[in-house]
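Heads up: the sequence lines are chains A and B, in that order.
Residues in the first sequence are numbered consecutively from 14, following this note's numbering.
Residues in the second sequence are numbered consecutively from 14, following this note's numbering.
Glycine included, each C-beta is placed from N, C-alpha and C at the ideal position.
Because the structure is a prediction, the values reported are computed rather than measured.
Protein chains: 2
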Amino acid sequence: MSNASALLTDLYELTMARAYHDLGMRDIAVFELFVRRLPPERRFLITAGLSQVLEYLESLHFTSADLQYLEGLGLFPSTFIDYLATLRFTGTVHAMSEGTPYFAQEPILRITAPILEAQLVESRIINLMHFQSMIASKAARCVSAARGTRLLDFGMRRAHGAEAAVFAARAAYLAGFDGTATVEAGRQFAIPVAGTMAHSFIQAHDSEEAALRRFVSATGQPTTVLIDTYDAERGARRVVALARELKAAGSPGQIHAVRIDSGDLVERSHRVRHILDAGDCPEIEITLSGGLDELQIAALLEAKAPVAGFGVGTRLDCSEDVPSLDMVYKLEEYAGKPRRKRSLGKETWPGAKQIFRERDAGGVDARDTIALADETAPGTPLLHEVMRDGRRVAPLPSLAESRDHCRVSVMRLPAALHELSGAYDPYPVTVSAQVHVLADRMDQAGE
Amino acid sequence: MSNASALLTDLYELTMARAYHDLGMRDIAVFELFVRRLPPERRFLITAGLSQVLEYLESLHFTSADLQYLEGLGLFPSTFIDYLATLRFTGTVHAMSEGTPYFAQEPILRITAPILEAQLVESRIINLMHFQSMIASKAARCVSAARGTRLLDFGMRRAHGAEAAVFAARAAYLAGFDGTATVEAGRQFAIPVAGTMAHSFIQAHDSEEAALRRFVSATGQPTTVLIDTYDAERGARRVVALARELKAAGSPGQIHAVRIDSGDLVERSHRVRHILDAGDCPEIEITLSGGLDELQIAALLEAKAPVAGFGVGTRLDCSEDVPSLDMVYKLEEYAGKPRRKRSLGKETWPGAKQIFRERDAGGVDARDTIALADETAPGTPLLHEVMRDGRRVAPLPSLAESRDHCRVSVMRLPAALHELSGAYDPYPVTVSAQVHVLADRMDQAGE
């Protein structure tokens, strides 16, 4: 399967495209991507995935195999199939920079294109942005919790498929993680990769002692060893003995760290630290893993667990507490006229919009305004043109640059937004008077 | 990105592979894939993803680009890189047939191969089987709840990436869904595809009435129209008027169904049904969507909502209530000796194993036994050899055949397992005396 397949879409996008085509509806539509409601477990969200969206839009086309499949469905006339053969995305894209914090109802991406094109790309655009944004938002909480302690993504195995694994690593790195265990993500995005051994390596030996010794000798460079296959404290004592032996043989520093992956990590890390220190190995660090999330990271640090790094897996890559966001892509304007959906509980603000973010005198973000795109409001506009007529207007920032942008932007948020739980004042987001006026006018006009 | 990349693995698999290679550890290992604990929200799980695992194992190889990246990491000696260039999977695979119900601690897949190969494939095997099994298990609950009402997968947009969307559609279909909106899944797996229109089509017109009329005319075949963009009951009255007009013009049957996607679906569906019937359109069906899951489906049917089909999206494709399973891949035997992990709370049963399922006189599944692979226990063995020396022993069943197998197998489970909630007796799974004896013997032997 190609991840750029034009068939990565819901069938109704094609059914509608066919109707737009046959009805001659070629006017320009404006769609906006936003999250309707912030999950209670999140105080802010982080934009991510724009780079993949632009790649998708630039390369969008139907192959002859795609067209053959669609023709075989018997749903579409050949005139439409012929049209699809020539289709390319020719629209304009405005977006928040990757790594920017955002809130409910704020568009993070705006597509302006002939309605058929703008409609067709809905499913994959949501699919790409929803996932990475969800993971970056979860990762940002881990980063807040870790207060500078090293964080690695260990989540590939339970990520929802290959693309999820690779994009989770990217989104976590964007939000401040230090690296990933997922090799393919390392290759694709030049993310630092890490990882040394699993319990199976120990178990494949008749004794843990032999396994540790052989692993260190085979690795030939400073490494992390896993010590809890049978009993973490006994494992730590074996590491001390081995480290002493290596020092005596003139090969110090071969054991960089020990990893503990089970049990009560506070108690175990303290006891293991004690064993390492008493054994004259203060340089050997402790890393922790095993079902961790931001709340456990915070609790471990609160309990002063002597830890140099965390591996965060399933709960990050599956965004376990918030496995989906209420992210939608809605028509806001067609043929120059604003549009509004009024389905119960799913109402939208009409018109093409812009977000302005105001900072207070101390440099802290103070308020956002959701305004019309042609309005001016106080603060800095967050949506920028990134693609025009189907081509990028400039190269996007590198992942490292976006990571810096994310770090700085998150730091500017009010302090309460960095807390993981407890009561707090939500970040103020105001809808401009002009947007209200437009919505009221449309409601009065009927439909 | 290729979904078959050999770099879809955790770095530690490669670090261990290098150690196995350099240490000359070439003996046969047995790894088993199983779920440690059943989530409280699931009474059984469904195996899925075997077909993708076998494709992965058959095609596993490192490309020169893969090797170049690995070499550039500076972690691996060139002798190991050269070895990887020649690596193929040469092992044996035993597995439960796709669509088989299973329970905690029961191996659903067993890999027997030189330890380096068996280890290297861990991350991707879990990644493939975990996701599809999780989705098939969620889908099976929806199928139980729907009691024969048509079910469609609408979840692509919030699935975790492209592969998740396509495999979710496959897993849901395997578990009894009737189709999917995800076109790429339809193509890859010959799953029926469905989908007609979104709110944006209605909004792109100045009136809902014009939008409905034009959509039906452009579609040219029986279709489903969405009626809740502004007001579902008004939408239903417009559908009645349009259907009458079409009948009068000699084109009956163009409107097959109406879809409601918001609000109180019980109340709305009853009111809309009343409007359709009163308007002499009893043949127009009602389909429902919008944040549905198995509990809401059950509640809607309990309330006698007049519904012919459900669209299930986010909560299916993200397995919202259970976004991960505690699925692991553990070493059970190496060089002919059983192996056991004893990390606190993560203990494993040693040795290569088989699952036997016994049925009672009434044809209902009564009990499973987790036995050693060379034991005989009452009932039918569930793990079959599907690959030998890296090649399939026979073609797997088709997806349609696996779907039948799933339907029949789920029907054989005790009735209480089909209930969605409430107290129940968990399905009895026994560990054979021989497995117990082996575990005790290993515990006494130390490590």
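Residue of the options minimising C-alpha distance to residue i
i               : options                           : result
Y342 of chain B : B:L278, B:L122 and B:P52          : B:L122
D241 of chain A : A:L164, A:P336 and A:F214         : A:F214
A217 of chain B : A:L433, A:A17, A:A30 and A:D417   : A:A30
R404 of chain B : B:G87, B:R56, B:T125 and B:E119   : B:T125
S282 of chain A : A:I299, A:L86 and A:E371          : A:I299
L301 of chain A : A:L73, A:V399, A:R163 and A:V335  : A:R163
E360 of chain B : A:R454, A:A262 and A:G276         : A:G276
D381 of chain B : B:A261, B:F116 and B:R171         : B:F116
T209 of chain B : B:G324, B:N140, B:P90 and B:V134  : B:G324
Y440 of chain B : B:S18, B:P53, B:M38 and B:A42     : B:P53
G233 of chain B : B:E221, B:G266, B:R257 and B:V252 : B:G266
A312 of chain A : A:G358, A:S157, A:L412 and A:P351 : A:S157
Chain B contact residues for residue i, given Cβ-Cβ distances below 8 Å
i               : result
Q216 of chain A : L344, Y347, R352, R353 and K354
A231 of chain A : R31, A32, D35 and L36
Chain-ordered chain A contacts of residue i [CB-CB under 9 Å]
i               : result
F180 of chain B : H173 and G174
G266 of chain B : Those within 9 Å of G266 of chain B in chain A number zero; the least Cβ separation is about 16 Å.
T242 of chain B : K354, R355, S356 and E460
Contact check, residue i vs residue j, beta carbons under 8 Å
i               : j               : result
S110 of chain B : H397 of chain B : yes
A237 of chain B : A211 of chain B : The displayed chain sequence assigns Thr, not Ala, to residue 237 of chain B. Taking 8 Å as the Cβ cut-off, T237 of chain B and A211 of chain B do not qualify as a contacting pair.
A194 of chain A : I148 of chain A : no
S64 of chain B  : L395 of chain B : no
F167 of chain A : A32 of chain B  : no
G189 of chain A : R420 of chain A : yes
V377 of chain B : P319 of chain B : no
A98 of chain B  : G174 of chain A : no
L70 of chain B  : F102 of chain B : yes
P363 of chain B : L308 of chain B : no
L239 of chain A : A61 of chain A  : no
K366 of chain A : A384 of chain A : yes
S337 of chain A : R284 of chain B : no
E280 of chain B : D306 of chain B : no
A256 of chain B : I273 of chain B : no
L289 of chain B : A249 of chain B : yes
M455 of chain B : D330 of chain B : no
Per-residue DSSP class, three states only, for residue i
i               : result
A270 of chain B : strand
Y115 of chain A : strand
K350 of chain B : strand
Y342 of chain A : strand
A42 of chain B  : strand
T193 of chain A : strand
F102 of chain A : coil
M147 of chain A : helix
V238 of chain B : strand
L289 of chain A : helix
D417 of chain B : helix
D456 of chain A : helix
V431 of chain A : First, the amino acid is wrong: residue 431 of chain A is His here, not Val. Three-state DSSP puts H431 of chain A in a helix.
R160 of chain A : coil
A384 of chain B : strand
Listed by chain order, chain A residues near residue i by CB distance under 8 Å
i               : result
P53 of chain B  : Within 8 Å Cβ-Cβ: nothing; P53 of chain B doesn't reach chain A, min ~15 Å.
E333 of chain B : P336 and S337
H143 of chain B : R170 and R171
Per-residue contacts from residue i into chain A (C-beta, under 7 Å)
i               : result
K359 of chain B : S275
I128 of chain B : A217
S18 of chain B  : E197
D456 of chain B : The premise fails here: D456 of chain B is roughly 10 Å from chain A at the closest Cβ pair, so nothing lies under 7 Å.
T478 of chain B : Shown here, chain B extends from 14 to 460; a query on residue 478 of chain B therefore has no answer.
Y82 of chain B  : R200
T76 of chain B  : Within 7 Å Cβ-Cβ: nothing; T76 of chain B doesn't reach chain A, min ~11 Å.
Cross-chain neighbours of residue i in chain B, by beta carbon under 7 Å
i               : result
F228 of chain A : A32
Y25 of chain A  : A194, G208, T209, M210 and A211
- [ ] Give the residues from the segment 180-214 of chain A that approach chain B closer than 7 Å (Cβ to any Cβ), ordered along the chain.
- [x] F180, A194, T195, V196, E197, R200, Q201, V206, A207, G208, T209, M210, A211, H212, S213 and F214
TODO: Scan the segment 43-72 of chain B for residues whose Cβ lies nearer than 9 Å to a Cβ of chain A and list them as they occur along the chain.
DONE: F44
- [ ] Residues of the segment 110-138 of chain B with a CB closer than 8 Å to any CB of chain A: list them in chain order, please.
- [x] I128, Q132, E135, S136 and R137
Open item on the list: Please list, in chain order, the residues of the segment 304-329 of chain B that have any C-beta partner in chain A closer than 7 Å.
Closed with: T327
- [ ] Scan the segment 425-451 of chain A for residues whose Cβ lies nearer than 9 Å to a Cβ of chain B and list them as they occur along the chain.
- [x] none
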